[in-house]
Structures are given as C-alpha cells and as structure tokens.
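Residue numbers (this note's numbering): 53 to 224.
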C-alpha cells in the first residue's frame, strides 16, 4: 500500500541528501561525518571572542548587530558537509524529494525533530518560519528565496516548496 502523501509527490522517491554535482559521499543512515569524532570528550567550557558588540540575537533581520555564533543555535531542514562541495544532508528533514525537472522540492520531517522545549517541529512551523523570514527578515532572504512560488503542507510530515519557472540552480 502506498502512503497517501506519496501520491501527492507524483512517485518521486525520497533521498537522504542532495548533491549538485556527482554523488553524495555519505550513504543513508550514516552516523557522523568523517571529520567528526563521536568519541570526543564532552563537557567543559568554551570561550569565544568577538570583535565589536551586539544588540540582538536575531541574525535574520537587517536592523542591529547580531550576536556572534547565534547561527549555531538554529537547525535547518538540511545541512552541508564540510568535506564535500555542494552537497546537503537532512537535518530536520529525514528525506528530500526532487523531481527530474526540479520544479519543486519536498521535505519529510524527522519524527525526532524537536524544539528546545521538546515539542515536535511541525510542517506548520516550517511554513510559518519561511513566511516570516520572507515577510519580516532581511531583504537578502526575499531575494534568495524569490524563486519560491508557493510553500504548502503535502501531509502531516511533508512540506513542499514549488518554484517559479526559470533556472535557479541554488534551489533546491
């Protein structure tokens, strides 16, 4: 039996990552990147310096100076690996779906994706975050994601981004 959400994706198969050029280095289910030591000592204190000052923790807006390192507290649908160029792997997303014509992309959220308070990250959260970023974020994001025609809920766990016609190799 085919899940109902699969029909809305036109038979496109999900993958654990995307490579713009060539193949992905890491197979599905990999536990860590090669450059990460999963047995590294845990705990302690780290002190980082920053030149200048900050007046907000929101680095997504143009007003003010964001605190250095704030980007480390956010998760994304996908993340790049430091040992491959132009490859992305699911972070909040368990699977990514892209048709041959690259006219849309869909992400199936991991059941383990949680907010800081333990609540699950939902498709509605992703849609709200995207729309808020476009409407109230830095103009950079309106430009960068300007090729997104529509974001929609394909199922309880799948968010879909449809693109405007054109050739934007950055998306997805």
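Every residue, glycine too, gets a C-beta built ideally from N, C-alpha and C.
Keep in mind that this is a model prediction, so the values were computed, not measured.
How long is the line joining the alpha carbons of residue i and residue j, rounded to whole angstroms?
{"i": "residue 118", "j": "residue 63", "result": "42 angstroms"}
{"i": "residue 214", "j": "residue 137", "result": "25 angstroms"}
{"i": "residue 104", "j": "residue 88", "result": "31 angstroms"}
{"i": "residue 192", "j": "residue 186", "result": "9 angstroms"}
{"i": "residue 53", "j": "residue 66", "result": "Low per-residue confidence applies at residue 53: pLDDT is 48, beneath 50, and the placement is therefore not dependable, though the value from the model is reported in the following sentence. Spanning the two alpha carbons is a distance of roughly 17 angstroms."}
Mind checking which residues open and close the beta strand (DSSP E) that includes residue i?
{"i": "residue 214", "result": "210 to 215"}
{"i": "residue 201", "result": "200 to 205"}
I think residue i touches residue j, with their Cβ atoms under 8 angstroms apart; what is that distance to the nearest whole Å?
{"i": "residue 116", "j": "residue 108", "result": "4 angstroms"}
{"i": "residue 158", "j": "residue 211", "result": "7 angstroms"}
From this set, the options, which residue's C-alpha is nearest residue i's C-alpha?
{"i": "residue 121", "options": "139, 110, 82", "result": "110"}
{"i": "residue 199", "options": "155, 172, 71, 171", "result": "155"}
{"i": "residue 86", "options": "96, 223, 134", "result": "134"}
{"i": "residue 174", "options": "205, 94, 196, 101", "result": "205"}
{"i": "residue 144", "options": "95, 167, 185", "result": "167"}
{"i": "residue 179", "options": "195, 163, 202", "result": "202"}
Over what stretch of residues does the alpha helix (DSSP H) that includes residue i continue unbroken?
{"i": "residue 221", "result": "Careful: residue 221 lies outside any alpha helix (DSSP H) and carries neither H nor E."}
For this session: Kindly provide the ranges of any beta strand (DSSP E) runs that are 3 or more residues long and lie completely inside the segment 63 to 98, ordered along the chain.
Result: With a minimum length of 3 residues, the continuous beta strand (DSSP E) runs that stay inside the segment 63 to 98 are 69 to 71.
Exercise. Whole beta strand (DSSP E) runs in the segment 121 to 183 with 3 or more residues, listed along the chain?
Worked result: Segments of the beta strand (DSSP E) lying fully in the segment 121 to 183: 130 to 132, 139 to 142, 145 to 149, 156 to 161.
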